[in-house]
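In what follows, a single structure is set out as structure tokens and then discussed.
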Amino acid sequence: MKELNPHVSVDCVVFGYDSDKLKVLLVERQGTKASPSKYKLPGDLVYEDEDLDEAVARVMKTLTGLKDIFFKQFKVFGSPDRIRLQPDDLEWLQQTSKLPIKRVVTVAYYSLVYLNHRLHSKIIPGASWHDVYHLPRLAFDHTSIVKEGLKTLRREIRHEPIEFELLPSRFTLRELQNLYEILFQRSLDSRNFRKKMYSLGYLVPLKEKEKNVAHKPAQYFRFDIKKYQEAKQKNFRYSF
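1 is the number of the first residue of the sequence shown in the numbering used here; add one for each residue after it.
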């Protein structure tokens, strides 16, 4: 029987985008007499013989049923008091794990997914999506982890085109601009934005347009990873 390491865990800030909101996946933990229900990030203690990335993949597959989801480690949270910030958290952790836990160092990851009906249908009961800018009360130091994850996403998305993990395989430039505006919380000039996107060289226009829309149908594009890698080898520097 596998043994859990009671001192090391992984927690994942799973960002999802659904065209008008940037969301985070949260799990409603089961309450006890001393600890009412409260939301937490997806995560778990790590098995003694388990790699950290394997632990995150296990957590994600359990929650979403999906494999090969983008995730990346971004910070270690090791404050001695992080599981004692709220009086009921430590007791809940000890009761549910059945381990004499006194301190846990957690390795934080962020993950990016496109929210669609298929993904919604696979989410386990008790897990739900919440607007990243309007979160409920979270257990432990998970609010701080979300804030740090969002800060990391904003920083890294300026230098690597990871935003396309949040979009469907085909998308309009308006959808892409909406994502940037929501992520950075500011408006962008549409003309300048389109000019910059056209100049990148790896956004491929498709012979398809929107259907059944009230406005003028917009053209669809796709992100060409091969063209991006070719540009990168030629010392192209992505910067938003």
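Quick reminder that beta carbons are idealized off the backbone N, C-alpha and C, glycines included.
Setting aside the 5 residues that flank it on each side, leucine 63 is surrounded in the same chain by Pro42, Ile124, Ala127, each with a C-beta closer than 6 Å to its C-beta; the list follows chain order. Straight-line spacing of the CA atoms in glutamate 28 and threonine 143 works out to 14 Å. Using a Cβ-Cβ distance cut-off of 8 Å, the region 110–117 and the region 86–100 are not in contact, since fewer than three pairs of beta carbons, one from each stretch, lie closer than that value. Per DSSP, reduced to three states, the secondary structure at aspartate 53 is helical.
In terms of Cα proximity to aspartate 18, the closest of Leu179, Arg158, Asp68, Leu26 is Leu179. By the C-beta density criterion, phenylalanine 164 is buried, having at least 16 other C-beta atoms within 10 angstroms. Taking the C-beta atoms as reference points, threonine 172 is found nearer than 8 Å to glutamate 210.
With contacts defined as CB atoms closer than 8 Å, leucine 22 and leucine 183 qualify as a contacting pair. For the pair leucine 203 and arginine 170, the CB atoms are not nearer than the 8 Å cut-off. For phenylalanine 74, same chain residues with a beta-carbon under 8 Å away, outside a window of 5 residues either side, are Ala108, Tyr109, Tyr110, Glu148, Gly149, Thr152 in chain order. Restricting attention to Arg154, Tyr198, Leu138, Asp51, the CA atom closest to the CA of glutamine 185 is found in Arg154.
Contact between valine 24 and valine 146 holds, with the beta-carbon distance rounding to 6 Å and staying under 8 Å. Apart from sequence neighbours up to five positions away, the residues of its chain that approach valine 10 with a beta-carbon distance below 8 Å are Gly43, Asp44, Val46, Leu52, Ala55, Val56, Val59, Thr106, Val107, Ala108, Tyr109, ordered along the chain. Burial of aspartate 141 is indicated by the presence of at least 16 other C-beta atoms within 10 angstroms of its C-beta. With fewer than 16 other Cβ atoms from the protein chains shown falling within 10 Å of its own Cβ, isoleucine 225 counts as exposed. Checking the DSSP bridge columns, you'll see glutamine 73 partnered with Tyr109.
Residue range 173–184 is occupied by the alpha helix (DSSP H) that includes asparagine 178. In terms of Cα proximity to proline 217, the closest of Leu166, Cys12, Ile101, Arg174 is Arg174.
Counting along the chain, the unbroken alpha helix (DSSP H) around valine 146 starts and ends at 142–156.
Residue environment: glycine 65 is assigned as exposed (fewer than 16 neighbouring CB atoms within 10 Å of its CB, all protein chains considered). Listed in chain order, the non-local C-beta contacts of lysine 227 below 8 Å within the same chain comprise Gly201, Tyr202, Val204, local neighbours out to five positions each way being set aside.
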